[in-house]
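Chains as they are written, first to last, in the working numbering: chain A, 657 to 1409; chain B, 2 to 248. See below for the structure under consideration.
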Amino acid sequence: MPALVQDAKYALRTLGKSPGFTVLAVVTLALGIGFNTAVFSVVDAAVLRPLAYSRPGELVRIWDSNPGRGFDRFSASPPNFVDWRAQNTTLAGMAAFTGDDATLTAEGEPLRLRGYAVSPALFPVLGVSPLYGRAFDAEDENPGREPVVLLSWQFWQRRFGGDTGVVGRTISLDGKSRIIRGVMPRGFRYPSRDADIWTPLVLDAKALENRGAHWLGVVARRRPEVSPAAAQADLSAIAARLAAAYPEKNAGWGVVLVPLQEAIAGSARKPLLLLLGAVTFVLLIACVNVANLLFARGTSRRREIAIRGALGAGRVRLLRQMLTETLALALAGGAAGVALAVWGAETLVALAGDSLPRSAEVGIDVRVLLYTLAVSLATALAAGLWPALRATYPAGRDALRASAGSAGYGPRAGAARQAMLVAEIALTLVLLVGAALLLRSMAAVLRVEPGIRPQGVLTAQLQLPSSRYPEPPQIAAFYRELTASLASLPGVAAVGTTNFLPVTGRQYTLSVRFLDHPVPAGDEASITYRVVGGDFFAAAGVPLKRGRVFTPEDRPGSPLVMLVNETLARRYFPGEDPIGREIVIGDRAKAPGASSGSSATCSRRASRTLPWRSSTCRPSRCPGTKWRSSSGPRGIRCASLRPCARGSARSTRSCRSRRSRRSRKSSPVRSASAASRCFCSARSPASRFSSPRSASTASSRSWPGSACAKSASGSPWVRVAGTSSRSSSGRARGSRGRASSRDWRSRSRPRAS
Amino acid sequence: MSTNGHSVIRLEGVTKVFFTDEVETHALSGVHLQIRQGEFISIAGPSGCGKSTLLSILGLLDSPTSGAYLLNDKPAEKLKLAERARIRNREIGFIFQSFNLIGDLSVYENVELPLTYRGMPAQERRKRVHDALEKVGMAHRTNHFPSQLSGGQQQRVAVARAIAGNPLILLADEPTGNLDSVNGEAVMSLLRDLHQEGATICMVTHDPRFARYAARTIHLFDGRVVEDESGQERAASEHELKEAGLL
Chain A
657 MPALVQDAKY ALRTLGKSPG FTVLAVVTLA LGIGFNTAVF SVVDAAVLRP
707 LAYSRPGELV RIWDSNPGRG FDRFSASPPN FVDWRAQNTT LAGMAAFTGD
757 DATLTAEGEP LRLRGYAVSP ALFPVLGVSP LYGRAFDAED ENPGREPVVL
807 LSWQFWQRRF GGDTGVVGRT ISLDGKSRII RGVMPRGFRY PSRDADIWTP
857 LVLDAKALEN RGAHWLGVVA RRRPEVSPAA AQADLSAIAA RLAAAYPEKN
907 AGWGVVLVPL QEAIAGSARK PLLLLLGAVT FVLLIACVNV ANLLFARGTS
957 RRREIAIRGA LGAGRVRLLR QMLTETLALA LAGGAAGVAL AVWGAETLVA
1007 LAGDSLPRSA EVGIDVRVLL YTLAVSLATA LAAGLWPALR ATYPAGRDAL
1057 RASAGSAGYG PRAGAARQAM LVAEIALTLV LLVGAALLLR SMAAVLRVEP
1107 GIRPQGVLTA QLQLPSSRYP EPPQIAAFYR ELTASLASLP GVAAVGTTNF
1157 LPVTGRQYTL SVRFLDHPVP AGDEASITYR VVGGDFFAAA GVPLKRGRVF
1207 TPEDRPGSPL VMLVNETLAR RYFPGEDPIG REIVIGDRAK APGASSGSSA
1257 TCSRRASRTL PWRSSTCRPS RCPGTKWRSS SGPRGIRCAS LRPCARGSAR
1307 STRSCRSRRS RRSRKSSPVR SASAASRCFC SARSPASRFS SPRSASTASS
1357 RSWPGSACAK SASGSPWVRV AGTSSRSSSG RARGSRGRAS SRDWRSRSRP
1407 RAS
Chain B
2 MSTNGHSVIR LEGVTKVFFT DEVETHALSG VHLQIRQGEF ISIAGPSGCG
52 KSTLLSILGL LDSPTSGAYL LNDKPAEKLK LAERARIRNR EIGFIFQSFN
102 LIGDLSVYEN VELPLTYRGM PAQERRKRVH DALEKVGMAH RTNHFPSQLS
152 GGQQQRVAVA RAIAGNPLIL LADEPTGNLD SVNGEAVMSL LRDLHQEGAT
202 ICMVTHDPRF ARYAARTIHL FDGRVVEDES GQERAASEHE LKEAGLL
């Protein structure tokens, strides 16, 4: 130990006498270690670190699965969930959840909350208890129970200032009173990081009668003694029985269990690990650079090393001395790298936005510091070992006789330095090739035709409380009045509505059949669809290729019509004219069928009622509203929406204009999805929409096409009225990428009307 | 100071051949040499005769191409590197022409360095360093760095470093080569004092003035020992030359 201390003292003194070399080496290593640490902190939080639940290894996500139709992991249908829960023998508990956003009213400004309806078992399954109050009872999932709600710690702090007396009080959500049952602990926000409230999931008879409607997320805990494979086999056997018992809906459907941690990491795992690999290359390049510096430094210290050898220092002792110096450099670089990593991790999280799972957990903690320490040690070895081996190669008497400046390594050392140079160039080339490929991918993404024209488009999201708008005619009247009011604003060119905005990744999936091409039950085509209203296509800039767009005559009672995109038309009507063909939606179809597609459509349930109301209901109450300005978005503010909405109804949200980080990017896709959106809640755009890229990928990979429907009359089939442009083809126009750079969005709250 | 007859170093037919670009250079050819404990010998000869090569082999900094080398009656010609380092540290003290002090270390640390490699406890190191520096008259400069010392002072520190470990033999390679005559004489006086206290010294020099400090001189020429002259023989020889008016 004294020798080590002496080595360390000497290393520090030696490095201190060469400040130029020391600073250069430390900065180089700090960059390499810092980037590595920053990315690792993200990877660790998103992929590696065990979930903060009790015995997280036992937790699994359970999905319905139908690979034949492209659904490897799909939401569960309520009846399937109930059967899994009742029949399994390998799980200690199982819970379901679904999105259940709500509007807090009656206390100041209406506030939109991210809510989830969850099985009471969710909390025991995850092993989490409320901080105050108590969790849901098993009976809370039965219809007719007293409405209750659990608050997240963040919402509790934000809205109630951490008042512990809030338990037992009543709040108004969507116009209905709910009793606050408890407050969850600070770190708990499952299933999403922005969850504000949890309500009991009530599966009534209506929900349990349709096995074809998949809308539940399911999480479960394995019994400790049960292996993942055994649990999978258990659930698969149940799924097989269900497929046999309900072939119309369950044929082809299986079940897949995924460790919860893996499920949460999701698609972010591969790119994150790829990024970690890339920064590891950067670190290797830093190591090679520092190794070269050490080589040069070793040359000038050749004589000193020879003296030490002559005085009796063995090679191991000399190696230790040299490596101690490199270690000091690496530790200093690691310390500086940690500072860099703090900034780097924050930047990565900001850049990744919603696409990064568990981003709230990203930070420099003990695990990350230990990683940094390990990386620093490895860096010291990687950068210092070879130069140290070369420097301590027995020099003989010549080095003792030579002057300090002339004691070189000779030809062998020159070859070593050349080898390091080659390695450095090779590593740099690998990185450059990777960066070039990434840029090419980015360019390809930028060339993607999103199917919409985002320039000059503003969006807003509204939510109508069911207490005030209980019936479809009231809802329809509201939106009719709203769109008319907006359309009358100066500079507004077109106003339309939709349940989900394009390229947000949010959409419904629909099973359809074509009577011209009958298929067995379970082999129906799956399409994504949206419900649109008003002058949506003009507002969104979706060009009509053939047929017609919806008109006011497409109302309840009139024949059902839909628009399909080119992808669907090409796939299901190759060489045929899709206009006028019929598509069978759902299981009650008796009429001749036609086809389906992807950019804008209508659900079967929506078609039974009104354009703006679907069975899943919530989106129909809060459709995105688009309007296009003839003078550009600068001429219209979100505040414009508020008087219109207020003029139409009293309980809509105040509209707050917000510019997301993403909107500052120049991607045309982003400018379409995030840059030009106004929200009527305090929620940031980034927290509401998934990344456009993932939406685009999912759409093109999993679903063959899309369709857009307007109105309905209860018929299960619709007639194709027109064909819109293919949503993911074509080349970008020159000015497309510049739209997002406009600084027309304000961070400040708009003026109240 | 008299020798006790015990052989510290014995070379038998040692040769050293350097191979460079298909050229063989015979630096030493069949050298036979014996150094007894307590002897002070000098190795003399013209430049390129193999003096330093011989000293490197004696100091285990190099190994002979052939022949036998017994150090303290133990074969030393085929030792591994680690064992050579250990023996250099414990049995041999080096004094170099260019002092070879480490510039980043203080006087104290320079002298302490070989003791550190020996794994000696700090307290004993401190005592030995102090004694050695006292012996060479540099105890008052312990915290100075080599760059703050004159050449003569640096060589005295180097001598202190060589004797601090109480080695079996001191090997001095042109210890006065970088010094002026006054400092050279001072260093040689120091070596003579050490010899009189019992140290075994083997010194390479081409300066006859300093060679006379040794009791025995080995003359090398073209890698061979051409003359092994004791002090008495040398005195007689010098007397004859003076008689003949040649000296």
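Each residue gets a CB set at the ideal place from its N, CA and C atoms; glycine is no exception.
Here the alpha carbons of P1129(A) and S808(A) stand approximately 35 Å from one another. When Cβ pairs closer than 8 Å are counted between the two stretches, the segment 817 to 827 of chain A is seen not to touch the segment 862 to 878 of chain A, the count staying below three. As the crow flies, the alpha-carbon of T670(A) is around 59 Å from that of A876(A). Contact annotation, L1004(A) with A694(A): C-beta distance approximately 6 Å; criterion of less than 8 Å satisfied. Residue pairing of K665(A) in beta bridges, as defined by DSSP: absent, with no partner found.
For A952(A), the three-state secondary structure derived from DSSP is helix. Shortest Cα-Cα distance from L1083(A) to any of F1156(A), A896(A), V935(A) involves V935(A). Taking all protein chains shown into account, V183(B) has fewer than 16 neighbouring C-beta atoms within 10 Å of its C-beta and is therefore exposed. Contact annotation: in the segment 171 to 187 of chain B, residues whose CB is within less than 9 Å of a CB in chain A are D174.
In the structure shown, the three-state DSSP call for R1169(A) is strand. Excluding its 5 nearest sequence neighbours in each direction, P1013(A) has C-beta neighbours in its own chain below 7 Å: A702, I920, A921, G922, A924, listed in chain order.
Residue-level contact check: I941(A) does not touch chain B, since none of the beta carbons of chain B fall below 8 Å from its beta carbon. Taking 8 Å as the upper bound on Cβ-Cβ separation, chain A lies near residues L114, P115, T117, Y118, R119, G120, A123 of the segment 110 to 125 of chain B. L1077(A) counts as exposed, since fewer than 16 other C-beta atoms from the protein chains shown sit within 10 angstroms of its C-beta. Counting along the chain, F727(A) sits inside the beta strand (DSSP E) bounded by residues 727 to 730. Legend: CB atoms of the segment 663 to 675 of chain A lying less than 9 Å from CB atoms of chain B belong to residues Y666, R669, T670, K673. For the segment 934 to 968 of chain A, the set of residues with a beta-carbon nearer than 9 Å to any beta-carbon of chain B comprises R959, E960, A962, I963, R964, G965, A966, L967, G968, in chain order. Restricted to the segment 742 to 822 of chain A, the beta strand (DSSP E) segments that are unbroken, complete and at least 3 residues in length are 747 to 755, 758 to 761, 767 to 769, 771 to 774, 804 to 807, listed in chain order.
Rounded to the nearest whole angstrom, the CA to CA distance from Y1164(A) to T982(A) is 58 Å. Of all C-beta pairs linking the segment 193 to 211 of chain B to the segment 988 to 1000 of chain A, fewer than three are shorter than 8 Å, placing the two stretches out of contact.
Within chain B, no residue has its CB atom less than 7 Å from the CB of R711(A), the nearest being about 51 Å off. Judged by DSSP secondary structure, E198(B) falls outside any alpha helix (DSSP H); it is assigned neither H nor E. Under the DSSP assignment, G1190(A) falls in the beta strand (DSSP E) whose first and last residues are 1181 to 1190.
Taking a Cβ-Cβ threshold of 7 Å, none of the residues of chain A is close to D208(B); the smallest such distance is about 17 Å.
When secondary structure is reduced to three states using DSSP, P675(A) falls in the helix class. For the pair L974(A) and G968(A), the CB atoms are not nearer than the 8 Å cut-off.
Counting every other CB atom within 10 Å of its CB across the protein chains shown gives M750(A) a total of 16 or more, marking it as buried. Annotation: the continuous beta strand (DSSP E) that includes V24(B) extends over 24 to 37. Following the DSSP letters along the chain, one finds M1218(A) inside the beta strand (DSSP E) bounded by residues 1217 to 1221.
Annotation: L806(A) to T754(A) spans about 15 Å, alpha carbon to alpha carbon.
In this structure the segment 705 to 714 of chain A does not lie against the segment 735 to 743 of chain A, because fewer than three pairs of beta carbons, one per stretch, are closer than 8 Å. Not flagged as an interface residue toward chain B: A1047(A), since no C-beta distance is shorter than 8 Å. Beta-bridge pairing by DSSP links H220(B) to A45(B), E228(B). When 7 Å is used as the limit between beta carbons, I103(B) is near these residues of chain A: E960, I963, in chain order. At a cut-off of 8 Å between beta carbons, N90(B) contacts chain A.
Nearest to V912(A) by C-alpha distance, out of L929(A), A889(A), A901(A), is A889(A).
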